[in-house]
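Have a look at the structure below before the remarks.
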Amino acid sequence: MHLSKRLTLFATAGLVAGGIGLFSFKNDDRFFEIARNLDIYATLFKELNMYYVDEINPNRMVKSSIDAMLKGLDPYTNFYAEDEIEDYMTMTTGRYNGIGAVIGQRQGKNIVLMIYEGTPAEKSGLQIGDEILKIDGVELKSRKDADASKLIKGQNNTAVKLSVKRYGATAPVEVTVMRDVVKMTNVPYYGMLSDDVGYIDLKDFTATASREVRTAVQELKGKGMKKLVLDVRENPGGLLNMAIDICNIFIPKDSEVVTTKGKVTEWNKTYTAMNAPMDLEIPIIVLTNSHSASAAEIVSGVIQDYDRGVLIGQRTYGKGLVQTTRELSFNTKLKITTAKYYIPSGRCIQAIDYSHRNPDGSVGKIPDSLQTAFKTKAGRPVYDGGGVLPDVVTENQLAAPIAQSLTNKGLIFDYAVKYHHDHPTIKPAREFRLTDAEYADFMKWVADKEYDYTTQVEKDLGTLEASAKKEKYFDLIQDQLKSLKTKMSHSKDADLMTFRNEVRALLDEEIAGHYYLQKGIKEASFADDTELKAALALFKDMNRYNSILKKK
């Protein structure tokens, strides 16, 4: 009998037959314990339902208990209740029925944060920065628990009427949007960076990812692409088969891509490239960072293992786990971690050991001392257990405290809304830059806004003062501490000038996004992109590029 059927049988027997059913498993301690605890859970729930002083919500309570149980495993084993299945389908297919706008909560207000190109939201005239007041006549303020995004979704070819507060408008603006199937693109941007260098921004691995990448490669070749930058930064991963097919674009047919190994040995499998590749020769640079995970790491690792391209950026996240979706009763689902994956060199890049938790429940990264060396096809050393380490490592640029505060408080966004209202058009996103006069205008605009912050130096001085008091050295150094605090106390105006290049870059990207949407944000970011600059510099020195891919 299949394991899942046995578990269902035992669980049902434990719940229905109660104590009688328990004794049928006395020869199998494990299943006895499962049935016993399920019976305890059912009895407890029955007592709560009958006698608890207030009414309980059974769906919410069971969901909470399941989530708490799974929390002790890994972050990727998740239960989806029936009312969450639409979110699950969106996650795997990239499709949903709606209007194509990202709605977010800002200070209790429902704000349109982004509109996707070609969607009903864009066609209707809805604008980034609009505050949604009513949905089909229902005032959102009167429904504190209302989820605007879910209320806007609905059946295709049905209309949703929105009442929005728009910057510069004296009265609410009424917008009617016809719902449709919205497809979230895996490749929100691709284009030429120079006469011969193409760029593909791969942000997800839903069901159409490989088709989108193939289309991008084909079109860019038609525009003269001789070298390719593939960007998987901030890519959380997704479907395994999409990662395999994308690797297949650049490696020979029948090449090993990934092997999965788990508890159920009959599920273990080695996946190979099934199709003829599109290009085996084009030089490739893959951009990675610490948020490149799962399927993004498979693509990065395979390119590295076959010495097919150079990786530039920061070490990837380190998720070497495979999830399988199991159908449960009443249209619910369990996404469960069933295996680890191994890329062609033989390494598993899983960085965190969830199977051995610390006494406090936390988990730690696999130490460098336990990592094993493997070799790429050309014999270059690579290591397991810590994500994928790029061939050219760039420093992770931490945002200045003032830039973080301006972003977190929504002031960069709010100024972009104002700028968009005041300027009907701007230059193309790649050329757009705030002038010095416009940045001075921003400084005046933000002068009376609340966005205070604490710098790291101020935090460190506070820690030093606390330690000095604790160890009774404070009296000896209090004058010096006071002097340092005075010197290091930040001034917003001074910081706006000191970090003006960083703040201005954030403004340029946000403003460009209000005119040119996602593509605008991406193109405006090119001028200040450290990894992209490193990639273009490397492509200008092909001797160095080729030497990186040779055995050390």
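All residue numbers for the sequence shown refer to this note's numbering, where the first residue is 31 and numbers rise by one.
C-beta atoms are modelled at their ideal positions from N, C-alpha and C, and glycine is treated no differently.
Handout entry: Pair within 7 Å by beta-carbon distance, Ile540 and Ile442
Key = Sequence inspection shows Glu at residue 540; the Ile mentioned does not correspond to that position. Taking the C-beta atoms as reference points, Ile442 is found nearer than 7 Å to Glu540.
Exercise for the section: May I ask you to verify whether the segment 480-488 touches the segment 445-455, counting CB pairs closer than 8 Å and requiring at least 3? Expected result: no
Practice task
Hey, could you find the ends of the beta strand (DSSP E) Met308 is sitting in?
Solution key: Taken as a continuous stretch (DSSP letters only), Met308 belongs to no beta strand (DSSP E), as it is neither H nor E.
Exercise for the section: Measure the Cβ-Cβ separation of Glu495 and Leu511 and say whether it is below 7 Å. Expected result: yes
Problem - Which of helix, strand or coil DSSP assigns to Pro411 - result: When DSSP states are grouped into helix, strand and coil, Pro411 belongs to the strand group.
Handout entry: Limits of the beta strand (DSSP E) - the one that Asp452 falls within
Key = Element bounds for Asp452: not the beta strand (DSSP E) but the alpha helix (DSSP H), Leu441 to Asp452.
Problem - Val288, enclosing alpha helix (DSSP H) - first and last residue - result: Here Val288 belongs to no alpha helix (DSSP H); instead the beta strand (DSSP E) covers Glu286 to Gly292.
Problem - Beta-carbon spacing of Asp275, Ser330 below 7 Å - result: Cβ distance not < 7 Å, so Asp275 and Ser330 don't count as in contact.
Exercise for the section: Quick one: residues in its chain with C-beta nearer than 6 Å to the C-beta of Tyr546, no 5 flanking neighbours on either side, listed in chain order? Expected result: Ala459
Handout entry: Gly394 burial status per 10 Å Cβ neighbour count (16 or more: buried)
Key = Exposed, by the Cβ-count rule.
Problem - Inter-residue spacing [alpha-carbon to alpha-carbon] between Tyr71 and Glu357 - result: 22 Å
Exercise for the section: Taking only heavy atoms of the ligand GDP into account, decide whether any of them is closer than 6 Å to the Cβ of Asn186. Expected result: With respect to the ligand GDP, the structure shown offers nothing to examine, as it has no ligands at all.
Handout entry: Bridge partner(s) assigned by DSSP for Gln157
Key = In DSSP, Gln157 forms no bridge with anything.
Handout entry: Span of the alpha helix (DSSP H) around Tyr81
Key = If you look at Tyr81, you'll find it in the alpha helix (DSSP H) that goes Asp59 to Tyr81.
Practice task
Scan the segment 179-246 and note each continuous beta strand (DSSP E) run of 3 residues or more that stays entirely inside, going in chain order.
Solution key: 189-195, 203-208, 210-213, 219-222 and 227-231
Handout entry: Reduced DSSP category for Phe109 - H, G, I as helix; E, B as strand; rest coil
Key = Strand.
Practice task
Buried or exposed for Ser375, please, with buried defined as at least 16 other CB atoms from any protein chain shown within 10 angstroms of its CB.
Solution key: buried
Exercise for the section: Express the C-alpha separation of Leu103 and Gly252 in angstroms, rounding to a whole number. Expected result: 48 Å
Exercise for the section: Report back the beta-carbon spacing between Lys291 and Tyr220 to the nearest angstrom; my notes put them in contact at under 8 Å. Expected result: 35 Å between Cβ atoms; not a contact.
Handout entry: Backbone CA spacing between Leu491 and Lys164 [nearest angstrom]
Key = 48 Å
Practice task
Check Tyr503 in the structure and name its three-state DSSP category.
Solution key: coil
Handout entry: Straight-line gap, Ser95 to Pro313 (C-alpha atoms, nearest Å)
Key = 51 Å
Exercise for the section: Leaving aside the five residues before and after Thr560 along the sequence, list all residues of the same chain whose C-beta is less than 8 Å from its C-beta, in chain order. Expected result: Thr424, Glu425 and Gln427
Practice task
Please classify Phe569: does DSSP put it in a helix, a strand, or coil?
Solution key: Residue state, collapsed to three classes: helix.
Handout entry: Secondary structure, beta strand (DSSP E): runs of 3+ residues fully inside the segment 352-440
Key = 363-372, 403-405 and 411-413
Handout entry: Cα-Cα separation, Thr367 to Asp558
Key = Thr367 and Asp558 have their C-alpha atoms spaced approximately 38 Å apart.
Handout entry: Buried versus exposed call for Glu242 [16 or more other C-beta atoms within 10 Å across all chains shown]
Key = buried
Exercise for the section: For Asn531, name the three-state secondary structure that DSSP assigns. Expected result: helix
Exercise for the section: Measure the alpha-carbon distance for Asp509 versus Ser399 and round it to whole angstroms. Expected result: 45 Å
Handout entry: Simplified DSSP assignment, three categories, for Asn278
Key = helix
Problem - Candidates Lys502, Asp478 and His544: closest to Lys28 by CA position - result: No answer is possible for residue 28: it lies beyond the span of the chain, which begins at 31 and ends at 582.
Problem - Residue burial classification, His386 (beta-carbon count within 10 angstroms, cutoff 16) - result: With fewer than 16 other Cβ atoms within 10 Å, it is exposed.
Practice task
Quick one: using the 10 Å Cβ neighbour count with 16 as the cut-off for buried, is Asp166 buried or exposed?
Solution key: exposed
Practice task
Have a look at Met208 and Met272 and give me their C-alpha separation to the nearest angstrom.
Solution key: 31 Å
Practice task
Please name the residue in Lys489, Gln353 and Ile315 whose C-alpha comes closest to that of Lys257.
Solution key: Comparing Cα positions, the closest option is Ile315.
Problem - Same chain, Cβ closer than 6 Å to Ile328, neighbours up to 5 away in sequence not counted - result: Ala273 and Val288
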